[in-house]
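Written below as structure tokens is the structure these notes are about.
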Amino acid sequence: MKIIIGHANMDLDCFGSIALVKYIYPDHQPVKSQLVHPSARKLYNLYQYRFNFLSPKDLKGEKIEQIVVVDTNAQNRVKEFFKYIEDFEGEIEVWDHHPSEGRFFEQATYISKPYGANTTLIGMELIKRGIKIEPEDATIALSGIYADTGGFLYENVTNEDFKVASYLIENGASIPLVREFLKILTEKRQISLFHDILNRLTYKYVKGHFIILSYIEIEEQVGGMAAVIEKIFEVERAEAIFCVFHVNKKKQNVVIARSNTDSINVNELLQQFNGGGHIRAASALVKNQSGMMVIAELEECLENSLKPALMASDIMEDHVEVIKESMSLLEASTFLEEIGHTGAPVVSGKGELTGFMTLRDIMKGRKNDQMQSSVTGYMSKNVITGTRDITIRDVEELLFEHNIGHLPIVQGRAIIGMITRTDYLRLVGKSGQDSE
Ligand SMILES: [Mn+2]
């Protein structure tokens, strides 16, 4: 017998991988993990008949000649299958998109590339071989790619993910179905939990980071709590969220944390509660403690371990080109052209900030034929400024609320730096995101 297996707690990318890998190994039987991840249950319910899954128990007493492993390379994530396989001497082929995690199967053949989704890895092979697939499989596979790349928005997304997505559309994948499978709050109790938590969020600034804390009591643990937290995190503007669920029946606390910046490592933070996970997604189980105690400890932990957030002084340009009050509009216009800027702060003889002059202001003067008059009559005098210790979040708010392209950073009335939209875009453009 030859089999295909994925990781325990099968998710959409796992199903997508199996749907495609069947075209490469038509004689292999897929075997299903005992657990299906809540995010993949709907798809599984609707399509299980297509896969014809065996369960791990069916492997008992069978002679297994070859095992194809998809979407994982970690032996502890496939141990439920190996439990039933005796004296395995066959071949193992691993199709996995986590190459950075190393190679844990000895003597296995590896097909490994760091694409956003594992489904992509297999899809690229189908494209290479010119294989056409059925629309149902294309839909399943496309759901896998959407899930693992966060709808092509996670930093892990690659050119190949888009290529395979396009191939799947060509083969009849249904976007309405994919959209249906990607809804993460699928159960009524998830939605009511979503509202309960939203009503009880506490916002907190810790060393310049904007953090959400939430505490909620529930009777018993339900599936899909992490999905609820992720949905809340999606609509809120915080950099990290920590939710403590106090489970009354068991008198224990489930802590779920998410972060959207590598500067808040929730894995390290929750290790202090014997939990863990990834930099941006982690959880912990805390027994024999009141939920409020856990919240208090979390706050203390954050105060002690968070590094200060980036401040204006970290991203501002120190050297600022300024227009002098004594200049005429014509001089200011030539000056802006020389430095290649669309605007600059205006300073008095004492070097104090008194206004801001843009090319648009100069245009007004040109229309009125006033190019020889002083900049002071045409500059805007109400200048929005920041100080060196405001956070990036404050900078963002100032830029967008006032719809300005330049934010002079001042100390008293002296200009000490400048942040532009370009600086902001550069900073946000390089911030990272986690992958599955
Ligand atoms: Mn995956």
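Counting from 120, one number per residue, gives the positions in the sequence shown under our numbering.
All C-beta atoms in this analysis are idealised placements derived from N, C-alpha and C, irrespective of residue type, glycine included.
Leu173 to Arg540 span [Cα, whole Å]: On the sequence shown, position 54 is the one that residue 173 refers to. On the sequence shown, position 421 is the one that residue 540 refers to. So the alpha carbons of these two residues sit roughly 56 angstroms apart.
Any heavy atom of ligand 1 inside 7 angstroms of the beta-carbon of Ala284? Here residue 284 refers to the residue found at position 165 of the sequence shown. Ala284: no, Cβ never under 7 angstroms from ligand 1.
So, His147 versus Val197, is the Cβ gap smaller than 8 angstroms? Position 28 of the sequence shown, counting from 1, holds the residue named residue 147. Position 78 of the sequence shown, counting from 1, holds the residue named residue 197. It is not a contact, given that the beta carbons lie outside the stated cut-off.
Check Ser378 in the structure and name its three-state DSSP category. Numbered from its first residue, the sequence shown carries residue 378 at position 259. Three-state result, Ser378: strand.
Beta-carbon within less than 8 angstroms of Leu472's beta-carbon, same chain only, minus the 5 sequence neighbours each way: which residues are those? Here residue 472 refers to the residue found at position 353 of the sequence shown. Closer than 8 angstroms at Cβ, skipping near neighbours: Pro464, Val465, Val466, Val502, Thr504, Pro527, Val529, Arg532, Ala533, Ile534.
Just checking Ala236 against ligand 1 - is the residue's beta carbon closer than 7 angstroms to any of the ligand's heavy atoms? In the sequence shown, the residue the question calls residue 236 occupies position 117. True, at least one ligand heavy atom lies under 7 angstroms from that Cβ.
Assuming Gly394 and Ala401 are in contact, meaning their beta carbons sit under 8 angstroms apart, how far apart are those beta carbons, in whole angstroms? Residue numbering aside, residue 394 sits at position 275 when the sequence shown is read from its first letter. Residue numbering aside, residue 401 sits at position 282 when the sequence shown is read from its first letter. Right, their Cβ atoms sit about 6 angstroms apart.
So, using beta-carbon positions, are Arg377 and Ile337 closer together than 8 angstroms? The residue given as residue 377 occupies position 258 in the sequence shown. The residue given as residue 337 occupies position 218 in the sequence shown. Cβ distance not < 8 angstroms, so Arg377 and Ile337 don't count as in contact.
Assuming Phe134 and Gly263 are in contact, meaning their beta carbons sit under 8 angstroms apart, how far apart are those beta carbons, in whole angstroms? In the sequence shown, the residue the question calls residue 134 occupies position 15. In the sequence shown, the residue the question calls residue 263 occupies position 144. Indeed they touch by this definition, with Cβ atoms about 6 angstroms apart.
Please report the residue range of the beta strand (DSSP E) in which Ile398 lies. Within the sequence shown, residue 398 is the residue found at index 279, counting from 1. Careful: Ile398 lies outside any beta strand (DSSP E) and carries neither H nor E.
Check whether Thr277 and Tyr234 have beta carbons under 8 angstroms apart: In the sequence shown, residue 277 corresponds to position 158, counting from 1. In the sequence shown, residue 234 corresponds to position 115, counting from 1. Contact: yes.
Just mark His216 as buried or exposed, buried being the case when its beta carbon has 16 or more other beta carbons within 10 Å. For the purposes of this step, residue 216 is taken as the residue at position 97 of the sequence shown. Classification for His216: buried.
Could you pull the start and end residues of the alpha helix (DSSP H) that Ala428 belongs to? The residue you call residue 428 lines up with position 309 of the sequence shown. That residue, Ala428, is in no alpha helix (DSSP H); it is neither H nor E in DSSP.
Does any heavy atom of ligand 1 sit closer than 7 angstroms to the C-beta of Asp280? As a position in the sequence shown, residue 280 is number 161, starting the count at 1. Every heavy atom of ligand 1 is 7 angstroms or more from the Cβ of Asp280, so no.
Rounded Cβ spacing between Ile204 and Ile183 (contact assumed at less than 8 angstroms): By 1-based counting over the sequence shown, the position of residue 204 is 85. By 1-based counting over the sequence shown, the position of residue 183 is 64. That belief holds up - the Cβ atoms of Ile204 and Ile183 are roughly 5 angstroms apart, short of 8 angstroms.
Where the beta strand (DSSP E) containing Val529 begins and where it ends: Position 410 of the sequence shown, counted from the start, is the residue given in the question as residue 529. Taken as a continuous stretch (DSSP letters only), the beta strand (DSSP E) holding Val529 covers 525-530.
Just mark Val354 as buried or exposed, buried being the case when its beta carbon has 16 or more other beta carbons within 10 Å. As a position in the sequence shown, residue 354 is number 235, starting the count at 1. Label assigned to Val354: exposed.
Output needed for Gln390: all residues of its chain with C-beta closer than 7 angstroms, excluding positions within five of it in sequence on either side, in chain order. The count along the sequence shown starts at 1 and reaches residue 390 at position 271. Around Gln390: no qualifying Cβ.
Can at least three beta-carbon pairs, one atom from the stretch 250-262 and one from the stretch 290-300, be found at a separation below 8 angstroms? yes
Tell me the residue span of the beta strand (DSSP E) that contains Asp177. Residue mapping note: residue 177 aligns to position 58 of the sequence shown, counting from 1. Taken as a continuous stretch (DSSP letters only), Asp177 belongs to no beta strand (DSSP E), as it is neither H nor E.
Taking C-beta to C-beta, are Ala346 and Phe329 nearer than 8 angstroms? For this step, residue 346 is matched to residue 227 along the sequence shown. For this step, residue 329 is matched to residue 210 along the sequence shown. Taking 8 angstroms as the Cβ cut-off, Ala346 and Phe329 do not qualify as a contacting pair.
Proximity test, His156 beta-carbon vs ligand 1 heavy atom, cut-off 7 angstroms: Residue mapping note: residue 156 aligns to position 37 of the sequence shown, counting from 1. Flag unset: Cβ of His156 not near ligand 1.
Which residue's Cα is closest to the Cα of Leu332: Met344, Gly342, Leu317, Lys326? By one-based count along the sequence shown, residue 332 stands at place 213. That would be Leu317, whose Cα lies nearest to the Cα of Leu332.
Pull up the distance between the alpha-carbon of Val341 and that of Tyr163, whole angstroms please. By one-based count along the sequence shown, residue 341 stands at place 222. By one-based count along the sequence shown, residue 163 stands at place 44. Rounded to the nearest angstrom, the two C-alpha atoms are 19 angstroms apart.
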